[in-house]
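With this note's numbering, the residue at position 189 of the sequence shown is 190, and numbering never jumps. Notes follow the structure.
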Amino acid sequence: MRKSDRLFQLTNLLRAHQPLTATALAERLGVSERTIYRYMDDLSLAGIPVYGEAGVGYRLSEGFELPPLQLCAAELEALITGVNLVTVLTGKGLADPALSLLAKIEAALPAGRPASLVARSVRVPDYRRSSAEYGRWDQLHGAIAAGDWLTIDYGAASGQQTRRLVYPLGLFYWGGRWTLGAWCTLRQGYRDFRIDRIEAQAPAPDCDDPPAWVSLAHYLDERCAEPVSRDRAAFSEIRPTLVESPNRKKSERD
């Protein structure tokens, strides 16, 4: 977590639970007490009116408020619904930051407009996929971000089982299922794999780099250029919701 995020989180803790001792704050933030002392100096230098009282803990000056977040009701509803979708449909690697974002939104709202009230008007049931699929999403997301090759055991719709060496490029949500877009060495081309059909996966170290043209942008271009079908049209007209690493580099469905 970035230092600026820590300072924001620290300020919100003091707003909600003051006074708090350095020990309590250190436990909440997962840092040392010495780090808390440095953070307090940083807050003071930034103009945040925080002060400590021996034997009591740290407080913010009475009446201190962060600037309110100016969002209309519709914007707030859209934002919170999106956060709730992320927490339900993705893995822990994005769900936890989404919950942290929601806490920041609640802290920055004007008095009388807690985000929880808006969240009640639009529900995103937490149906939860299997724990294996939930964990697999995180592993795939991490491999994409790191640029790692993977070995996967995949069960196609026909029932055929194959082991593939793939270079993952992006995760796509199709309103009911996630697919992994990847370069597949077995097929020497781009392929899409439903993650609920990936039965096992493991890092594949010591692999050569993929062909120079292999990239997410090229993958999407190839998909859009294919003969139009219902799924293919989704790429050219409304491209599916995509999760990718910001620095990532003829497809047919398996």
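All residues carry an ideal CB built from backbone N, CA and C; glycine is no exception.
**Study point:** Straight-line Cα distance separating T36 from Y59
**Key:** 14 Å
Check your understanding: Quick one: complete beta strand (DSSP E) runs, 3+ long, within the region 25 to 87?
Key -> 51 to 54, 58 to 61
Exercise for review: Can you tell me which of A133, E63, Q140 puts its alpha carbon nearest to the alpha carbon of L95?
Suggested key: Q140
Point to revise | Euclidean distance between Cα positions of L151 and V57 | key: 53 Å
**Study point:** Short Cβ contact (8 Å threshold) for A205 with L166
**Key:** Yes.
Point to revise | Spatial distance of A79 from S159 (CA atoms) | key: Taking the Cα positions, A79 is about 39 Å away from S159.
**Study point:** C-alpha gap between A23 and Q189, whole angstroms
**Key:** 57 Å
Check your understanding: Counting Cβ pairs, one atom from each stretch, are 3 or more of them under 8 Å apart for the region 3 to 20 and the region 43 to 56?
Key -> yes
**Study point:** Proximity of L77 and R16 at Cβ, strictly below 8 Å
**Key:** No.
Point to revise | Same chain only: Cβ atoms within 7 Å of R195, ignoring 5 sequence neighbours per side | key: For R195, where only same-chain residues beyond five positions count, the Cβ hits under 7 Å are R178, T180.
**Study point:** Alpha-carbon spacing of L172 relative to R39, whole angstroms
**Key:** 40 Å
Practice item. Alpha carbon to alpha carbon, how far is A25 from V51? Give it in angstroms, no decimals. Key: 16 Å
Practice item. Assign T91 to one of three DSSP states: helix, strand, or coil. Key: coil
Review point. When DSSP labels each residue in this structure, what does C185 get in the three-state scheme?
Key: strand
**Study point:** Residue from T163, G156, G136, Y168 whose Cα sits closest to the Cα of D149
**Key:** Y168
Point to revise | Beta carbon of G182 nearer than 8 Å to that of Y135 | key: no
Point to revise | Opening and closing residue of the beta strand (DSSP E) in which A226 lies | key: Note, A226: premise wrong, no beta strand (DSSP E); alpha helix (DSSP H) at 217 to 226.
Point to revise | Rounded straight-line distance, which links the Cα of G48 to that of I106 | key: 21 Å
Check your understanding: Between which two residues does the alpha helix (DSSP H) carrying R16 extend?
Key -> 4 to 18
Check your understanding: CB V32 to CB N85, shorter than 8 Å?
Key -> The Cβ-Cβ distance between V32 and N85 does not fall below 8 Å.
Review point. Could you give the distance in angstroms between the alpha-carbon of I153 and the alpha-carbon of E200?
Key: 7 Å
Review point. By Cβ distance below 8 Å, which residues in the same chain neighbour Q19 in space, the five residues on each side in sequence not counted?
Key: G58, Y59, R60, L61
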